[in-house]
Structures are given as C-alpha cells and as structure tokens.
Ligand SMILES: [Zn+2]
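Numbering (our numbering), first residue to last: 13 to 226.
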C-alpha cells in the first residue's frame, strides 16, 4: 500500500437505513457472502465516526473520547458494540422476514438494553414557554465521558426503535446481493431498496437486460 494511503480521509458510512439502529446493523456488510462479511466498524475511531455521522455525538465529544480512552477500553467497547449489533440483527431480520424471535434471542438483546439504563438519570423538566413540565431521561454528567458512551447512545436509539410500532416497518433490501435493512417510512410502505441509486438502479438495469436479451 502506498504510504500516503494512510493519510486518506476515511470513507463516510452509507447511512441509508433511515435509522441509526439499522445503519449499525448494515455496518457488517455482505453478511452471508461466501467470502465472509466485511466489517465496516473496524475500530473505536470508526465507531466514533459512525456516531458523529449519525448526529449522536458532537465533534467535541468525538475529539475528547478519542484522546482520553485507552486502547484496552476502546477495543472492549468495539467488541460490545458488535455484540449488540449481532443481537439486534437477529431480532431485526426475524421481524423483516415476519418471524418471531426466540426467547433466548430476546434475552440477548435485553442484556444490552438494560445496560443503557444505568448511566442515565430521571429528571424533572420545567419549561418557561408554557408547556407542561415532564419527566425525561438524561445522561449522567460523569458518564458522557465514559469510553462506552458511543455504545450507549446507539443502544438507546436501538431500544427506542425496537420497542416502537415502527419496528413493523423494518425491511430488508430486495436486491439479491444486498441484505441491508432500512426503515420504510414511505406513505404506502412500498419502498423496496436500501438505496434507490445503488440497489434500485441495479435491479432496474437487470430487468432491462432480461427484457432485451430474452
Ligand atoms: Zn440494497
């Protein structure tokens, strides 16, 4: 590899899932390819970048974590994030294929979702603008600098999606060579591709070819 390659800016994540939880699942690309999947969440820096691109971490938080977190803590968090992703994928692919996950599969996910409760505190919010006061979860001040923080914000997003009605709108891309998940928020729930420009056009081109060579 030429030496300057290491200075190249990393390729941004393709966030076409329509939700951070689904984009996270898609970060293990080519899941069932014979040659094996392709890991896009390569290290802690990639995890920070992913969370920032999703708008879940500020640039300042990314810089702070990148500087402060030890290599050992960083690799532990990456491992945990991949475990969360695996637990989510099992349930999400079941849902997309209209199957019920097993009790064991749900328990695996539960472990990760329960872990997100600990670094949060319940606060009472009063607003000056005339809105009703209400309760809200907030990250504890001492926890936002923890190595696990990017994992927690993603897990929280995932639990919000997976415990909501929107779970029923999770779909798997119809392209044969793509297994990416996306949230179908189209009006009539007719979206078929993770990315119309890539998978949709590829399918259109294939149909065109079939019609003209048959
Ligand atoms: Zn696709």
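Cβ coordinates follow ideal geometry from the N, Cα and C atoms, glycine included.
- Separation of residue 134 and residue 167 (C-alpha to C-alpha, rounded to the nearest whole angstrom) is 18 Å.
- DSSP links residue 41 through a beta bridge to 50.
- Counting only the Cα atoms, residue 223 lies some 44 Å from residue 64.
- When DSSP states are grouped into helix, strand and coil, residue 123 belongs to the helix group.
- Residue 164 sits in a helix when the DSSP states are folded into three classes.
- Residue 130 and residue 122 have their C-alpha atoms some 13 Å from each other.
- Residue burial is scored here from C-beta neighbours: residue 39 has at least 16 other C-beta atoms within 10 angstroms and is therefore classed as buried.
- In the DSSP assignment, residue 149 is bridged to 134.
- If only complete runs of 4 or more residues are kept, the region 67–116 shows the alpha helix (DSSP H) at 71–80, 83–108, in order along the chain.
- Per DSSP, reduced to three states, the secondary structure at residue 203 is coil, with no helix or strand assignment.
- Here the C-alpha atom of residue 169 lies approximately 33 Å from the C-alpha atom of residue 216.
- By the beta-carbon neighbour count (other beta carbons within 10 angstroms, threshold 16), residue 191 is buried.
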